[in-house]
Every structure is written in structure tokens, then in C-alpha cells.
Ligand code: GLN
């Protein structure tokens with residue numbers, strides 16, 4: 032039983048290729064339903080055997096997104112939050128490893144009473160329980176299955192969602208399948224065959240799609256739509272074209288225009304209210320009309336995959352668009368900087384050092400932080416970027432050349448960034464995972480700080496994912512030498528933001544503000560950074576003021 036309220040389920044699968052935007056498609060479906068007034072939850076079911084995304088290499092898999100409740104998740108959760116405005120939880124990010132370990136726990140504790148434990152029904156039942164649990168209390172629950180249909184490693188998820196129709200009633204379930212239609216330059220035609228094959232894979236697994244998302248880099252015509260509808264046995268209105276768009280934030284509007292919102296409501300027997308606007312239309316319009324490009328350097332270690340810093344990229348775009356500017360992110364390899372020097376930083380309007388782990392490239396990052404501080408170039412440090420700013424300040428302002436972080440040199444006696452004694456205990460007990468500070472923590476801002484002016488309030492809450500902290504033994508020296516400890520934990524025990532006050536903008540946070548930036552409400556620290564990067568603009572202040580009040584309303 033699902034309780035009093037009947038939750039409706041939408042399962043999103045994909046085919047043909049990975050990386051065609053299934054996460055954006057699922058997030059967009061969430062968006063158009065939320066705009067009709069429904070409460071929407073979204074969940075990602077990932078086939079990997081990992082327990083969570085925290086240990087996956089970001090160079091390979093993209094960023095690890097962190098929720099308020101401290102889950103280390105797939106980057107798709109970032110899309111879901113930005114598109115639906117909902118703060119998701121641990122329950123929204125499920126990997127096969129977690130499901131298997133629940134089954135093993137039950138087996139060890141004798142719950143199966145000596146029965147043979149099998150993928151069907153034991154694993155598939157567990158998946159359904161996890162879906163039903165996450166869906167509780169919502170009008171609509173969307174679950175996206177990672178990978179493509181037909182992948183060997185995702186079969187248990189596909190089978191579990193097939194059975195869901197029997198479990199909760201056919202009228203409460205929709206299957207949405209996303210396909211890709213390649214274009215052949217030589218014959219100048221869009222091909223539907225790979226999509227047909229992928230739909231056949233889905234049918235073979237016992238799932239009849241209700242909706243087809245058709246991703247195509249060229250403009251499809253009615254003939255293509257009719258063809259897809261015919262071979263997947265769906266209504267023509269059920270085929271939603273997803274043409275190439277400059278900004279992913281155009282996708283929900285396009286789907287709405289194609290009639291998908293109304294079609295879903297009809298199929299799920301939901302009241303089809305007139306959809307509200309997103310509030311980010313202005314942002315999309317600004318990205319089109321923005322005049323001038325501002326170059327911002329992102330000094331980092333993983334540069335092979337743009338998704339590694341997805342939320343940072345998006346946050347920069349939102350903030351610059353609010354100032355009617357486009358941002359060009361220049362990727363700077365920290366190790367190369369170490370070898371070649373800071374010349375390549377010369378024509379940058381601002382510098383960002385994002386989060387990161389390990390020693391590689393840190394000297395290059397320290398050079399970039401010094402360059403920004405000494406040349407009055409706006410600097411935004413995010414997590415590791417704050418630790419780098421603190422080390423650089425110690426080395427070059429406090430004249431302490433050996434200053435470092437315990438992460439880079441565990442034996443050093445000059446750790447201005449370190450593991451706190453209470454965390455050390457966990458590390459010694461080899462409980463390594465428990466040493467991370469994860470999820471939302473409150474922070475109190477100093478009223479003299481830039482951060483306070485930008486947030487427009489004294490108490491804030493931001494998301495963390497790190498092991499090391501500012502070393503309190505040296506607080507006084509930093510303060511005496513001009514660093515402002517702009518944000519502290521409410522008990523004043525932890526340093527959360529540092530600033531250099533007599534600088535255009537030198538702000539670095541121990542938390543990750545990028546996880547809470549939205550297209551309609553850009554994050555204050557990014558907004559302040561963007562403003563500082565602009566030469567001059569009369570309406571700078573009003574942009575920030577307007578967004579402060581929007582943030583308060585949106586309770587981001
Ligand atoms: N590696 C640093 C730490 O663990 C910073 C982590 C991060 O930037 N997310 O404290």
C-alpha cells in the first residue's frame with residue numbers, strides 16, 4: 032500500500048548511446064510537472080557496483096554532487112536540483128552496491144529463512160522497496176535508470192521497474208525512453224534504425240514505452256515522429272523531439288511546447304493545470320543577448336572531462352548571465368602552471384580554484400592564488416581553493432615558507448590546514464569514511480565581510496565535503512596580518528570562509544557554494560565574484576539586491 036496519497040511513477044530509461052542527456056530529460060520532466068503544482072521527487076538508480084559515488088574518480092565520472100543530508104552522489108542529482116528547485120536526499124542516489132549489500136545483510140541475519148537468494152525476486156524486490164521508500168509523500172516520483180537498456184549490468188533495475196506496474200497499478204506508472212537519432216552527412220538524413228533497435232530491447236525486457244524522447248542534433252520533422260511512434264507503438268503526441276539547444280535550460284520549455292506536460296497528465300490521470308513559468312527565462316534570454324565575454328581561469332587537476340566541475344561551471348554561467356555577460360571558462364592545468372609560471376593568467380578577469388584531493392598540482396594552485404592576491408584579480412576559492420588561499424597567505428604574508436596542509440605532507444610541523452584531533456581518532460581506527468565532513472552545516476558571517484553583504488543575512492547553511500580544516504592554533508597570526516575570518520561555525524570552532532578585505536574580491540569558502548546555485552537564483556558568492564570581474568557597470572548593485580530577495584523567497 033502506498034498510503035493515502037497515490038504517488039505516480041515515471042521511469043526513465045535510455046538507449047542507443049550513453050551521454051545523450053537522460054539526466055536532463057528526467058530533470059526536465061520533473062520541471063514541467065513541478066510547474067503544474069505537483070510535488071516531485073527524482074531518483075537515480077545506477078548500475079555500478081559501488082556503494083556510493085564518493086569514491087568514483089571525477090576525471091572519469093564527472094563531479095561528485097553533495098546533498099544537504101551529506102550523500103555523495105552522481106552529478107545528475109545536480110541537474111535534478113537545478114531543474115526542480117527541490118533539495119534532494121540520500122534516497123535519491125542509489126547504486127547497485129547499496130542494494131546488494133542490503134540483500135546480503137538480510138541473508139546474513141536469516142531473513143530469507145534458508146531460501147535460495149536470487150536476483151529475481153530478492154534483489155528486484157529490494158530495488159522496488161528503495162523506490163517506494165523514496166517516493167513516499169510525493170505526487171510524482173521520477174526514477175532514472177543509469178546506462179542504456181540492454182546493458183548486462185542494468186538488467187535487475189529494468190526488471191524491477193517492469194514489475195512496478197503490477198505492484199502499484201498500470202494507471203500509476205509511465206515509462207519514458209530516451210533515444211538518439213544520428214544524422215548522416217553524406218546522405219543528409221536522420222536515421223531512426225538505432226532508436227528502433229533500442230526500443231526493441233526495451234520491449235524484449237517486457238516494458239512497453241509510453242513516451243519517447245527523441246534526441247537529435249538536427250531538426251526532426253513530422254515524418255520522423257510518425258515513424259518513431261509507429262514502431263514503438265505509442266501516440267504521435269507521445270514522441271517528444273529534443274533538438275540540439277545552446278542551453279540545457281531550454282529543454283523543459285521545448286518539451287512543454289511539444290505538449291509533453293499535457294500528455295503526461297492525461298496518461299497519469301492528473302489534473303492538467305496551466306503551467307507556471309520557471310523564473311529562469313530571463314537567464315536563458317540573457318545568455319542569448321549577453322554582450323561581451325569575460326574570461327575566468329579555473330585552475331585544476333582534472334581537465335579531461337568538463338563534467339568534473341559541472342556545478343562550478345553552471346554557477347559561473349548563472350552569475351555572469353545575471354550581469355548580462357557570457358563567461359568563457361579557461362581551463363588551466365595546475366601542474367603545467369607549476370612548470371611554466373603565471374604568464375598564462377595574464378588576461379584573465381578572475382581566478383577560481385575548485386575542490387580537489389591529493390597533492391598533485393597544488394604548488395601551481397598556490398602560485399595562482401598568490402598571483403590573484405598580489406595583482407588584485409578577483410579570486411574565488413572553493414573548498415580546496417580555500418585551503419590553498421590559507422597556505423599561500425601563510426607562506427607569503429606570514430613569511431612561513433614551509434606552510435602546508437596535512438593532506439600534502441602528513442609529517443610537516445607547519446600544517447596551517449590539518450586534520451582536527453577528533454577526526455584523527457577515526458582515521459587511526461581506520462574508519463576513513465567517517466572522517467569526512469559531509470552535507471549541510473550552519474555558518475555565521477562577520478558583518479564586516481563581503482560575504483555578509485552578498486548573502487544579505489548573518490546565518491547561512493552550506494554543503495561540505497572535505498577532511499581537512501583550518502588550523503585554529505594559527506588564527507591570531509592570520510587575523511593580525513590582515514586576513515578576515517569571514518564565516519565561522521556557530522560555536523566558532525571551524526573556519527568556514529576567509530577573505531582578504533583590501534582586495535577587489537578575495538573570498539574562499541571551506542564549503543561548496545556551487546551545489547546551491549540555481550539558474551533563477553545564482554549563488555551570492557558567485558554573483559559577487561562575477562561582479563568583481565566586470566570592469567564597471569551601473570546596475571551591478573541592483574542585480575545583487577534583487578537576487579538576495581529572490582533567494583530569501585526561494586529558501587535556497
Ligand atoms: N582535499 C581537501 C580535504 O579533504 C579538500 C576537499 C575538497 O576540495 N572537496 O579537506
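Numbering (the working numbering), first residue to last: 32 to 587.
Quick reminder that beta carbons are idealized off the backbone N, C-alpha and C, glycines included.
Please name the residue or residues paired with residue i in a DSSP beta bridge.
{"i": "residue 490", "result": "475"}
{"i": "residue 72", "result": "172"}
{"i": "residue 362", "result": "329"}
{"i": "residue 540", "result": "413 and 528"}
{"i": "residue 206", "result": "42"}
{"i": "residue 77", "result": "126"}
{"i": "residue 246", "result": "211 and 273"}
{"i": "residue 449", "result": "500"}
{"i": "residue 436", "result": "448"}
{"i": "residue 104", "result": "96"}
{"i": "residue 221", "result": "214"}
{"i": "residue 324", "result": "357"}
Do residue i and the ligand GLN come close, with the Cβ less than 7 Å from some heavy atom?
{"i": "residue 262", "result": "no"}
{"i": "residue 556", "result": "no"}
{"i": "residue 439", "result": "no"}
{"i": "residue 498", "result": "yes"}
{"i": "residue 96", "result": "no"}
{"i": "residue 145", "result": "no"}
{"i": "residue 61", "result": "no"}
{"i": "residue 415", "result": "yes"}
{"i": "residue 386", "result": "yes"}
{"i": "residue 454", "result": "no"}
{"i": "residue 418", "result": "yes"}
Work out the CA separation of residue j and residue i for me, nearest whole Å.
{"i": "residue 339", "j": "residue 86", "result": "14 Å"}
{"i": "residue 33", "j": "residue 70", "result": "Its pLDDT being 43, under 50, residue 33 is placed unreliably in this model, and the value from its coordinates should be taken loosely. Between residue 33 and residue 70, the C-alpha separation is close to 16 Å."}
{"i": "residue 212", "j": "residue 204", "result": "26 Å"}
{"i": "residue 136", "j": "residue 153", "result": "12 Å"}
{"i": "residue 400", "j": "residue 109", "result": "27 Å"}
{"i": "residue 510", "j": "residue 531", "result": "10 Å"}
{"i": "residue 363", "j": "residue 72", "result": "37 Å"}
{"i": "residue 268", "j": "residue 282", "result": "17 Å"}
{"i": "residue 148", "j": "residue 437", "result": "46 Å"}
{"i": "residue 576", "j": "residue 525", "result": "29 Å"}
{"i": "residue 178", "j": "residue 45", "result": "7 Å"}
{"i": "residue 55", "j": "residue 390", "result": "34 Å"}
{"i": "residue 273", "j": "residue 245", "result": "6 Å"}
{"i": "residue 234", "j": "residue 288", "result": "28 Å"}
{"i": "residue 515", "j": "residue 277", "result": "40 Å"}
{"i": "residue 425", "j": "residue 471", "result": "28 Å"}
{"i": "residue 492", "j": "residue 517", "result": "14 Å"}
{"i": "residue 414", "j": "residue 143", "result": "45 Å"}
{"i": "residue 81", "j": "residue 131", "result": "10 Å"}
List the endpoints of the continuous beta strand (DSSP E) containing residue i.
{"i": "residue 498", "result": "Counting along the chain, residue 498 falls outside any beta strand (DSSP E), and DSSP gives it neither H nor E."}
{"i": "residue 176", "result": "171-176"}
{"i": "residue 126", "result": "124-126"}
{"i": "residue 271", "result": "270-274"}
{"i": "residue 634", "result": "No statement about residue 634 is possible, as the shown extent of the chain runs from 32 to 587 and does not include it."}
Excluding sequence positions up to five away, which residues of its chain have a Cβ less than 6 Å from the Cβ of residue i?
{"i": "residue 239", "result": "none"}
{"i": "residue 225", "result": "47"}
{"i": "residue 232", "result": "180 and 181"}
{"i": "residue 230", "result": "263"}
{"i": "residue 307", "result": "66"}
{"i": "residue 311", "result": "280, 550 and 551"}
{"i": "residue 236", "result": "189"}
{"i": "residue 39", "result": "171, 203 and 299"}
{"i": "residue 42", "result": "174, 192 and 206"}
Note down, in chain order, each residue of its chain lying with its Cβ closer than 8 Å to the Cβ of residue i, except the 5 sequence neighbours on either side.
{"i": "residue 159", "result": "191, 194, 195 and 198"}
{"i": "residue 409", "result": "380, 381, 382, 403, 535, 536, 537, 560, 563 and 564"}
{"i": "residue 557", "result": "346, 347, 349, 350, 411, 544, 545 and 548"}
{"i": "residue 241", "result": "205, 206, 207, 265, 269 and 298"}
{"i": "residue 361", "result": "326, 327, 328, 329 and 379"}
{"i": "residue 359", "result": "324, 325, 326 and 327"}
{"i": "residue 79", "result": "87, 126, 127, 128, 177 and 184"}
Considering just the uninterrupted stretch of the alpha helix (DSSP H) at residue i, what are its terminal residues?
{"i": "residue 506", "result": "506-511"}
{"i": "residue 55", "result": "53-65"}
{"i": "residue 109", "result": "107-115"}
{"i": "residue 381", "result": "Note, residue 381: premise wrong, no alpha helix (DSSP H); beta strand (DSSP E) at 381-384."}
{"i": "residue 229", "result": "224-235"}
Give me, in chain order, the residues of the same chain whose beta-carbon lies closer than 7 Å to that of residue i; leave out the 5 immediate sequence neighbours on both sides.
{"i": "residue 121", "result": "98, 100 and 102"}
{"i": "residue 345", "result": "113 and 548"}
{"i": "residue 422", "result": "397, 434, 435, 436, 447 and 448"}
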